[in-house]
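Notes follow once the structure below has been shown.
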Amino acid sequence: APAVFTEADVYQRSFDPQAYLKEFYSLSDSQEWATGFLKQNLRSLHKIFSLDGLRGDTLIDVGCGPTIYQLLSACENFQEITALDYTDQNRRELEKWLRNEAGAFDWVPVVKYVCELEGDREKWAEKQEKLRKKVKRVLKCDVTKANPTDPLSLPPADCIVSTLCLEAACKDLPTFRRALSNVGTLVKPGGHLVMVTVLKETYYAFNNQVFSCLRLEKHEVEEAVGAAGFEVKLSEVQQVTVADDCADCSGVLSLVAQRSVPV
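In the numbering used here, each residue's number is its place in the sequence shown (first place is 1) plus 1242.
Right, here's the structure in full:
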């Protein structure tokens, strides 16, 4: 594990989105751990977005990175999606796919897998098109700011998704709790927060680089969500086999919470 916290400027300077995508999202049989991890998260998100009430007009993805997997189920339930990430090259990589540019990452195997979960593998092209149309904005954000999209102010959304982001962006538990409060302001009262968070992970690595991760327990995440003004509706841990040197998490927490309506 890295001895020090990976600061934001390290991401900005040296995070390679293409290498990251290749390592964790290729869905190839040769990358058994990454493939199992991704499929498990896709199944969790499919289940979450099949729940009653997880629909609306607007959705904000906080810390999207260069990925779209976290939006494949969600895009069936929301009309307008805003994707936020700190790192410029991640946003550029995402925009490359959204514009269907040459050299963009090939998400087709992942899209097909989600379509299969939804019962029709052949709908993959339609789903890609739908997602490309629905992502309206890709913006810079910093979850450590009281308004993560400062200087812009976004209207609060019906739902926020944040997958594998805050645990990498926060150096300690107080920072994590503050970041959740900051992110919480992006959702309407009565709206939902959907999180996929790795537990007990201290690092992830690819391309000969190691990135730090805040080691979290399930109860710490749930308490932080509660303190940010949300009521936890669903909280489930999937165990992860640590068989790989690319990460040391022991489980993944899928969580749904609803922002309390002021009385």
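Don't be surprised by glycine CBs; every beta carbon is placed ideally from N, CA and C.
Original post:
From this set, Gly1426, Glu1274, Pro1431 and Lys1375, which residue's C-alpha is nearest Leu1314's C-alpha?
Top reply: Lys1375 is the residue among Gly1426, Glu1274, Pro1431 and Lys1375 whose C-alpha sits nearest the C-alpha of Leu1314.
Original post:
Between which two residues does the beta strand (DSSP E) carrying Ala1261 extend?
Top reply: Ala1261 -> not in any beta strand (DSSP E); alpha helix (DSSP H) instead, spanning Pro1259 to Phe1266.
Subject >> Beta-carbon gap between Ala1399 and Thr1324 smaller than 9 Å >> reply: Taking 9 Å as the Cβ cut-off, Ala1399 and Thr1324 qualify as a contacting pair.
Original post:
Curious, which full-length alpha helix (DSSP H) runs of at least 4 residues does the region 1431-1456 contain?
Top reply: Within the region 1431-1456, not a single complete alpha helix (DSSP H) segment reaches 4 residues in length.
Subject >> Residue(s) in a DSSP beta bridge with Ser1496 >> reply: Looking at the DSSP output, Ser1496 bridges to Val1438 and Glu1478.
Original post:
What residue ranges within the region 1332-1402 form continuous alpha helix (DSSP H) runs of no fewer than 4 residues, ordered along the chain?
Top reply: For the region 1332-1402, whole alpha helix (DSSP H) runs of length 4 or above, ordered along the chain, are 1350-1359 and 1366-1376.
**OP:** List the DSSP bridge partners of Phe1472.
**Re:** Within the DSSP secondary-structure output, Phe1472 pairs in a beta bridge with Arg1501.
Original post:
Which class does Thr1248 belong to by DSSP, given the choice of helix, strand or coil?
Top reply: Three-state DSSP puts Thr1248 in coil, outside helix and strand.
Original post:
Counting along the chain, where does the beta strand (DSSP E) carrying Thr1300 start and finish?
Top reply: That run of the beta strand (DSSP E) goes Thr1300 to Val1304.
Original post:
Quick one: Cα of Glu1369 to Cα of His1434, how far?
Top reply: At residue 1369 the sequence reads Lys, which differs from the Glu that was named. Looking at the backbone, the Cα of Lys1369 and that of His1434 are separated by about 23 Å.
Subject >> Three-state class that DSSP yields for Leu1422 in the structure shown >> reply: For Leu1422, the secondary structure class from DSSP, reduced to helix, strand or coil, is helix.
Subject >> From Ser1256, Arg1255 and Gly1278, residue whose alpha carbon lies closest to that of Phe1266 >> reply: Selected option, being the one with the closest Cα: Gly1278.
**OP:** May I have the straight-line CA-CA distance separating Glu1360 from Ser1477, to the nearest angstrom?
**Re:** Taking the CA atoms as reference points, Glu1360 sits about 22 Å from Ser1477.
**OP:** Could you work out which residue in Glu1337, Thr1483, Gly1471 and Gln1481 is closest to Ala1505 when comparing CA atoms only?
**Re:** According to the sequence shown, residue 1505 is Val rather than Ala. Nearest to Val1505 by alpha-carbon distance, out of Glu1337, Thr1483, Gly1471 and Gln1481, is Gly1471.
Original post:
Taking all protein chains shown into account, do 16 or more other C-beta atoms lie within 10 angstroms of the C-beta of Asn1449, making it buried, or fewer, making it exposed?
Top reply: Classified as exposed, Asn1449 has fewer than 16 neighbouring CB atoms from the shown chains inside 10 Å of its CB.
**OP:** Could you tell me the boundaries of the beta strand (DSSP E) in which Ala1325 lies?
**Re:** First-last of the beta strand (DSSP E) with Ala1325: Glu1322 to Asp1327.
Subject >> Beta-bridge pairing of Thr1405 - partner residues as DSSP gives them >> reply: DSSP, once it has assigned bridges, lists Val1438 as partnering Thr1405.
**OP:** Look at Lys1405 and Gln1480 and say whether their C-beta atoms are less than 9 Å apart.
**Re:** Rather than Lys, the amino acid found at residue 1405 in this sequence is Thr. Judged by beta-carbon spacing, Gln1480 lies beyond the 9 Å limit of Thr1405, meaning their Cβ atoms are not closer than that value.
Subject >> Beta-carbon proximity check, Val1380 vs Cys1407, cutoff 9 Å >> reply: If you check the CB distance, Val1380 and Cys1407 do not come in under 9 Å.
**OP:** Identify every residue that forms a DSSP beta bridge with Val1429.
**Re:** Bridge partners of Val1429: Ala1399.
**OP:** Tell me where the alpha helix (DSSP H) around Thr1277 begins and ends.
**Re:** Residues Glu1274 to Ile1290.
Original post:
For Val1377, does the count of other Cβ atoms within 10 angstroms reach 16, so buried, or fall short, so exposed?
Top reply: Buried, by the Cβ-count rule.
Subject >> Cβ pair Thr1223, Gly1345 closer than 9 Å >> reply: Any question about residue 1223 goes unanswered here, given that the chain covers just 1243 to 1505.
Original post:
Whole-angstrom Cβ separation of Val1482 and Leu1422, contact assumed at under 8 Å?
Top reply: With 8 Å as the limit, Val1482 and Leu1422 do not qualify as a contact, their Cβ atoms being about 22 Å apart.
Subject >> Proximity below 9 Å, CB of Val1429 to CB of Ile1290 >> reply: Their beta carbons are not under 9 Å apart, which means Val1429 does not touch Ile1290 by this criterion.
Subject >> CB of Cys1357 within 9 Å of CB of Gly1305, strictly >> reply: No. Outside cutoff.
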